[in-house]
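Following: one structure in C-alpha coordinates, then a few remarks.
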Amino acid sequence: LRGGSRSFRWQLNRLDGVPVEAEICLNGLVMGGRRMVQAMVRDITERLQSERQLRRLAAVIEQVSEIIFITDTRGVIEYVNPAFERLTGYSREEAIGQTPRLLKSGCHDEMFYQRLWEHIQRGEIWTGRIVNRRKDGGLMEEECTISPVRTPLGEIVNYVAVKRDVTAEVEMETRLRQAQKMEAVGQLAGGVAHD
5 LRGGSRSFRW QLNRLDGVPV EAEICLNGLV MGGRRMVQAM VRDITERLQS ERQLRRLAAV
65 IEQVSEIIFI TDTRGVIEYV NPAFERLTGY SREEAIGQTP RLLKSGCHDE MFYQRLWEHI
125 QRGEIWTGRI VNRRKDGGLM EEECTISPVR TPLGEIVNYV AVKRDVTAEV EMETRLRQAQ
185 KMEAVGQLAG GVAHD
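Using our numbering, read the sequence shown as starting at 5 and increasing by one per residue.
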(Lines of atoms letter the chains of each structure in order from A; the text may use other names.)
(Lines give C-alpha, C1' and ligand atoms only; values in the text may rest on other atoms or scores of the structure.)
Protein backbone atom coordinates (compact mmCIF):
# COMPACT_ATOMS: atom_id res chain seq x y z
CA LEU A 5 0.00 0.00 0.00
CA ARG A 6 2.96 2.34 0.70
CA GLY A 7 0.92 5.00 2.48
CA GLY A 8 -2.01 4.73 0.07
CA SER A 9 -5.36 3.11 0.46
CA ARG A 10 -7.44 0.52 -1.32
CA SER A 11 -11.10 -0.51 -1.12
CA PHE A 12 -12.82 -3.64 -2.37
CA ARG A 13 -15.79 -5.89 -1.71
CA TRP A 14 -15.44 -9.40 -0.40
CA GLN A 15 -17.80 -12.10 0.75
CA LEU A 16 -17.04 -13.25 4.28
CA ASN A 17 -18.61 -15.82 6.55
CA ARG A 18 -19.67 -14.91 10.07
CA LEU A 19 -18.79 -17.25 12.91
CA ASP A 20 -22.24 -18.84 12.59
CA GLY A 21 -21.52 -19.59 8.90
CA VAL A 22 -23.89 -16.98 7.46
CA PRO A 23 -22.31 -15.26 4.43
CA VAL A 24 -22.11 -11.46 4.45
CA GLU A 25 -21.03 -8.98 1.81
CA ALA A 26 -18.30 -6.75 3.18
CA GLU A 27 -16.61 -3.59 2.03
CA ILE A 28 -12.98 -3.62 3.08
CA CYS A 29 -10.89 -0.44 3.19
CA LEU A 30 -7.16 -0.85 3.67
CA ASN A 31 -4.91 2.07 4.56
CA GLY A 32 -1.15 1.83 4.59
CA LEU A 33 0.50 3.88 7.31
CA VAL A 34 3.71 4.20 9.26
CA MET A 35 3.60 4.25 13.06
CA GLY A 36 6.73 4.34 15.19
CA GLY A 37 8.85 3.62 12.17
CA ARG A 38 6.90 0.46 11.34
CA ARG A 39 4.76 0.02 8.27
CA MET A 40 1.26 -1.10 9.14
CA VAL A 41 -2.03 -1.74 7.44
CA GLN A 42 -5.24 -0.47 8.95
CA ALA A 43 -8.30 -2.46 7.83
CA MET A 44 -11.89 -1.31 8.17
CA VAL A 45 -14.54 -3.91 7.43
CA ARG A 46 -18.15 -2.89 6.99
CA ASP A 47 -21.11 -5.26 6.47
CA ILE A 48 -22.92 -3.99 3.36
CA THR A 49 -25.29 -6.95 2.90
CA GLU A 50 -28.45 -4.92 3.66
CA ARG A 51 -27.34 -2.03 1.45
CA LEU A 52 -26.71 -4.38 -1.48
CA GLN A 53 -30.08 -6.06 -0.97
CA SER A 54 -31.76 -2.63 -0.95
CA GLU A 55 -29.91 -1.63 -4.13
CA ARG A 56 -31.00 -4.85 -5.87
CA GLN A 57 -34.60 -4.25 -4.77
CA LEU A 58 -34.47 -0.65 -6.07
CA ARG A 59 -33.07 -1.80 -9.42
CA ARG A 60 -35.85 -4.39 -9.69
CA LEU A 61 -38.51 -1.78 -8.85
CA ALA A 62 -37.03 0.67 -11.37
CA ALA A 63 -37.11 -2.02 -14.06
CA VAL A 64 -40.78 -2.71 -13.33
CA ILE A 65 -41.71 0.98 -13.54
CA GLU A 66 -39.81 1.35 -16.80
CA GLN A 67 -41.54 -1.67 -18.36
CA VAL A 68 -45.20 -1.45 -17.29
CA SER A 69 -47.82 -0.46 -19.85
CA GLU A 70 -49.43 2.09 -17.51
CA ILE A 71 -48.37 5.72 -17.50
CA ILE A 72 -46.42 6.58 -14.36
CA PHE A 73 -45.15 10.02 -13.51
CA ILE A 74 -43.87 11.64 -10.34
CA THR A 75 -44.21 15.30 -9.40
CA ASP A 76 -42.88 17.41 -6.59
CA THR A 77 -45.33 18.92 -4.09
CA ARG A 78 -45.97 21.88 -6.43
CA GLY A 79 -46.95 19.54 -9.26
CA VAL A 80 -43.77 19.92 -11.31
CA ILE A 81 -43.01 16.67 -13.17
CA GLU A 82 -39.74 15.07 -12.05
CA TYR A 83 -40.03 11.64 -13.70
CA VAL A 84 -42.03 9.96 -16.48
CA ASN A 85 -41.78 6.34 -17.58
CA PRO A 86 -41.56 5.14 -21.20
CA ALA A 87 -45.32 4.41 -21.30
CA PHE A 88 -45.91 8.15 -20.67
CA GLU A 89 -43.78 8.96 -23.71
CA ARG A 90 -45.41 6.29 -25.87
CA LEU A 91 -49.03 7.11 -24.97
CA THR A 92 -48.90 10.92 -24.70
CA GLY A 93 -46.39 11.60 -27.47
CA TYR A 94 -44.33 13.86 -25.19
CA SER A 95 -40.71 12.94 -24.65
CA ARG A 96 -39.21 12.73 -21.19
CA GLU A 97 -37.27 15.93 -21.88
CA GLU A 98 -40.46 17.78 -22.88
CA ALA A 99 -42.38 16.63 -19.80
CA ILE A 100 -39.83 17.01 -16.99
CA GLY A 101 -40.04 20.50 -15.51
CA GLN A 102 -43.62 20.97 -16.75
CA THR A 103 -46.81 20.39 -14.79
CA PRO A 104 -49.56 17.91 -15.75
CA ARG A 105 -51.33 20.93 -17.32
CA LEU A 106 -49.22 19.96 -20.33
CA LEU A 107 -51.91 17.29 -20.96
CA LYS A 108 -54.95 19.43 -20.12
CA SER A 109 -57.79 18.75 -22.56
CA GLY A 110 -60.29 21.44 -21.60
CA CYS A 111 -62.89 18.75 -20.82
CA HIS A 112 -62.80 19.43 -17.07
CA ASP A 113 -63.53 22.71 -15.31
CA GLU A 114 -61.18 24.37 -12.82
CA MET A 115 -63.28 23.10 -9.88
CA PHE A 116 -62.48 19.50 -10.93
CA TYR A 117 -58.73 20.15 -10.68
CA GLN A 118 -59.10 22.19 -7.49
CA ARG A 119 -60.95 19.34 -5.75
CA LEU A 120 -58.33 16.84 -6.99
CA TRP A 121 -55.47 18.95 -5.59
CA GLU A 122 -57.22 19.54 -2.28
CA HIS A 123 -57.76 15.80 -1.97
CA ILE A 124 -54.13 14.80 -2.53
CA GLN A 125 -52.72 17.71 -0.49
CA ARG A 126 -54.68 16.35 2.49
CA GLY A 127 -52.64 13.17 2.03
CA GLU A 128 -55.47 11.16 0.51
CA ILE A 129 -55.33 8.98 -2.61
CA TRP A 130 -57.40 10.29 -5.52
CA THR A 131 -58.93 7.85 -8.01
CA GLY A 132 -61.02 8.76 -11.02
CA ARG A 133 -61.18 9.30 -14.76
CA ILE A 134 -59.47 12.15 -16.56
CA VAL A 135 -59.66 13.14 -20.21
CA ASN A 136 -56.26 14.41 -21.34
CA ARG A 137 -54.86 15.60 -24.65
CA ARG A 138 -51.93 13.90 -26.35
CA LYS A 139 -49.23 15.89 -28.10
CA ASP A 140 -50.88 15.19 -31.47
CA GLY A 141 -54.11 16.79 -30.20
CA GLY A 142 -56.05 13.55 -29.77
CA LEU A 143 -58.01 12.96 -26.58
CA MET A 144 -57.19 10.13 -24.22
CA GLU A 145 -59.45 8.96 -21.40
CA GLU A 146 -57.53 7.60 -18.43
CA GLU A 147 -58.31 5.74 -15.25
CA CYS A 148 -56.04 7.48 -12.80
CA THR A 149 -54.76 7.03 -9.27
CA ILE A 150 -52.71 9.82 -7.69
CA SER A 151 -51.02 9.07 -4.38
CA PRO A 152 -48.93 11.18 -2.02
CA VAL A 153 -45.42 9.89 -1.35
CA ARG A 154 -44.38 10.37 2.27
CA THR A 155 -41.16 10.32 4.24
CA PRO A 156 -40.96 7.96 7.24
CA LEU A 157 -42.04 10.98 9.34
CA GLY A 158 -45.22 11.39 7.27
CA GLU A 159 -44.21 14.52 5.32
CA ILE A 160 -45.51 14.57 1.73
CA VAL A 161 -42.54 14.98 -0.61
CA ASN A 162 -43.93 13.86 -3.98
CA TYR A 163 -47.06 12.72 -5.78
CA VAL A 164 -47.14 9.69 -8.05
CA ALA A 165 -49.76 9.24 -10.76
CA VAL A 166 -50.52 5.84 -12.28
CA LYS A 167 -52.78 6.04 -15.32
CA ARG A 168 -54.29 3.50 -17.68
CA ASP A 169 -55.52 4.51 -21.13
CA VAL A 170 -59.15 3.38 -21.36
CA THR A 171 -60.03 5.34 -24.51
CA ALA A 172 -60.70 2.24 -26.63
CA GLU A 173 -62.80 0.66 -23.87
CA VAL A 174 -64.89 3.83 -23.46
CA GLU A 175 -65.46 4.01 -27.24
CA MET A 176 -66.52 0.35 -27.28
CA GLU A 177 -68.93 0.92 -24.36
CA THR A 178 -70.41 3.92 -26.18
CA ARG A 179 -70.90 1.91 -29.40
CA LEU A 180 -72.48 -0.95 -27.42
CA ARG A 181 -74.93 1.42 -25.70
CA GLN A 182 -75.78 2.98 -29.06
CA ALA A 183 -76.38 -0.47 -30.58
CA GLN A 184 -78.60 -1.40 -27.63
CA LYS A 185 -80.61 1.81 -28.09
CA MET A 186 -81.01 1.13 -31.80
CA GLU A 187 -82.12 -2.44 -31.06
CA ALA A 188 -84.68 -1.15 -28.54
CA VAL A 189 -85.97 1.42 -31.06
CA GLY A 190 -86.18 -1.32 -33.70
CA GLN A 191 -88.15 -3.59 -31.36
CA LEU A 192 -90.44 -0.72 -30.43
CA ALA A 193 -91.00 0.20 -34.09
CA GLY A 194 -91.57 -3.47 -34.97
CA GLY A 195 -94.10 -3.80 -32.16
CA VAL A 196 -95.93 -0.63 -33.24
CA ALA A 197 -96.02 -1.80 -36.89
CA HIS A 198 -97.33 -5.19 -35.76
CA ASP A 199 -100.12 -3.64 -33.70
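Using N, Cα and C, we set each Cβ at its ideal position, and we do this for glycine too.
| Item | Value |
| --- | --- |
| Unbroken stretches of the alpha helix (DSSP H), 4 residues or longer, contained in the stretch 66 to 109 | 86 to 92, 96 to 99 |
| Buried versus exposed, by CB contacts within 10 Å (16 or more), residue 63 | exposed |
| Whole-angstrom C-beta distance between residue 124 and residue 2, which should lie under 8 Å | With the chain covering only 5 through 199, there is no way to say anything about residue 2. |
| Rounded straight-line distance, which links the Cα of residue 129 to that of residue 136 | 20 Å |
| DSSP state of residue 16 mapped onto helix, strand, coil | strand |
| Beta-carbon contacts of residue 174 that lie in its chain and below 7 Å, excluding the five residues immediately before and after | 145 |
| Cβ-based burial, residue 143 [other Cβ within 10 Å; buried from 16] | exposed |
| Whether residue 139 touches residue 94 by CB criterion (7 Å) | yes |
| C-beta contact flag for residue 27 and residue 10 at 7 Å | no |
| 7 Å Cβ cutoff met for residue 8 and residue 36 | no |
| Segment limits, alpha helix (DSSP H) that includes residue 124 | 114 to 125 |
| Expected contact under 8 Å - CB spacing of residue 81 and residue 102 to nearest Å | 5 Å |
| Rounded separation between residue 56 and residue 49 - CA only | 11 Å |
| Sequence-distant residues of the same chain with beta carbon closer than 8 Å to residue 153, five excluded per side | 74, 160, 161, 162, 163, 164 |
| Residue 128, DSSP secondary structure in three states | coil |
| Cα-Cα separation, residue 60 to residue 39 | 45 Å |
| Simplified DSSP assignment, three categories, for residue 168 | strand |
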